[in-house]
Amino acid sequence: EDAPRTAGAAAETDTTLLVFPSRGLTLSEIFERHEDISARMLHKLMALISGRIRRTNLLITEKTRWIEELRRQTLNDKLTGLYNRTFLEEEFYGRFSEYGERVAVLAVKPDNFKEINDSCGHDAGDRVLRMLADEVRSAVGVESTAVRYRGDEYMVILPDSGVREAAPVAGAIMERVAGLDTSAATGGVRVPITVSVGIAEFPADEQDPGSLVEQAFKRMWEARESGGDRTVPPAR
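Take 617 as the starting number for the sequence shown in this note's numbering and just add one per residue.
Dropping the structure here:
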């Protein structure tokens, strides 16, 4: 196993052969004696390392873009383009402390969406869901987050906000939806839509994000059971 091994090599051009380690000489001393050869060796070595660094950086960049795109697909609803329930449960719950000392949550649900689905079909229903998402997104502004929670239910997260700031947003959503012309989505039939909204506030209502979301939905259902087309805020 420990016996010296031999190998053969044939040079294509005139070649100087350097042997190292060489008895009595260090590698740096050999390079000093043959500066032209050492310069070529170092140049090729640097080119090799540089090429590998470029390929590594390119691979990292491509993987980063792929990971970012995969994450975007995971956290966004395909139908509406809003964030989805996964975003709510992973990002909002996991980074709740970053949303400020006060956080308001709105739960929004159309009162008569089933009527559209039943009379105009599910394709029309999907188009209306996209229209509703656009109105919710437009009403909440860039500082807040709109989420399609499930089915025809939406959520809005308002950082650094309480009921006082959330109530006008709820009113804006209701107003925009009430003025929505659905005829382009329903084959020419304009179906007026109203929504019910529930509001919950941290920390006045609940102390954790999961309970905050549940409380907002509970109040949204109270609004629906009271006839719909209204907002139910926390009782004070």
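No residue lacks a Cβ here, since even glycine has one placed at the ideal position from N, Cα and C.
Where the beta strand (DSSP E) through residue i begins and ends
i: VAL813; result: 811 to 818
i: PRO775; result: 769 to 775
i: VAL829; result: Unbroken run through VAL829 is the alpha helix (DSSP H), 825 to 841; no beta strand (DSSP E).
i: ARG764; result: 761 to 766
i: LEU722; result: 719 to 726
Backbone CA spacing between residue i and residue j [nearest angstrom]
i: ILE809; j: ASP727; result: 7 Å
i: THR802; j: ALA832; result: 30 Å
i: SER799; j: ILE732; result: 11 Å
i: THR761; j: TYR709; result: 13 Å
i: GLU707; j: LYS660; result: 48 Å
i: MET662; j: THR672; result: 15 Å
i: ALA625; j: THR677; result: 40 Å
i: ASN700; j: VAL807; result: 26 Å
i: THR642; j: GLU651; result: 14 Å
i: ASP757; j: LEU664; result: The sequence shown places Gly at residue 757, rather than the Asp named in the question. In a straight line, the C-alpha of GLY757 is about 51 Å away from that of LEU664.
i: ASP739; j: MET790; result: 24 Å
i: ARG621; j: LEU686; result: 51 Å
i: ILE815; j: ARG670; result: 52 Å
Distance CB(residue i)-CB(residue j) smaller than 9 Å
i: GLY826; j: PRO775; result: no
i: ALA755; j: GLU817; result: no
i: PRO784; j: ASP821; result: no
i: ALA723; j: ARG835; result: yes
i: PHE703; j: VAL744; result: no
i: ILE749; j: THR696; result: Sequence inspection shows Ala at residue 749; the Ile mentioned does not correspond to that position. Yes; because the gap between Cβ atoms is below 9 Å, this pair is in contact.
i: LYS725; j: ASP768; result: yes
i: ARG688; j: SER777; result: no
Residues of its chain near residue i, where Cβ-Cβ distance is below 6 Å and the 5 sequence neighbours each way are ignored
i: PHE712; result: PRO825
i: LEU674; result: none
i: SER654; result: PHE647
i: ARG649; result: none
i: GLU838; result: VAL848
i: PHE729; result: ASP768
Of the listed residues the options, nearest to residue i (C-alpha basis)
i: GLY843; options: TYR770, VAL813, ALA740 and ALA786; result: VAL813
i: VAL805; options: GLU651, ILE646 and CYS736; result: CYS736
i: VAL793; options: TYR770, SER777, LEU675 and ILE815; result: TYR770
i: GLY616; options: ARG764, GLU751 and THR761; result: Shown here, the chain extends from 617 to 852; a query on residue 616 therefore has no answer.
i: ILE773; options: ARG753, THR672, GLU791 and ARG649; result: ARG753
i: VAL779; options: ARG681, ILE789, VAL848 and THR631; result: VAL848
i: GLU759; options: ASP768, ALA740, ALA782 and TYR765; result: ALA782
i: VAL811; options: GLU841, ARG621, ARG656 and PRO620; result: GLU841
i: LEU698; options: ASP630, TYR765, THR680 and SER644; result: TYR765
i: ARG656; options: LYS730, THR631 and ALA623; result: THR631
Boundaries of the alpha helix (DSSP H) in which residue i is found, first to last residue
i: PRO784; result: 779 to 794
i: ARG746; result: 738 to 756
Cβ neighbours of residue i in the same chain (closer than 7 Å, five flanking residues each side left out)
i: LEU796; result: MET747, GLU751 and ILE809
i: ASP742; result: LEU695
Residues near residue i by beta carbon distance below 8 Å, same chain, minus five either side
i: ARG668; result: none
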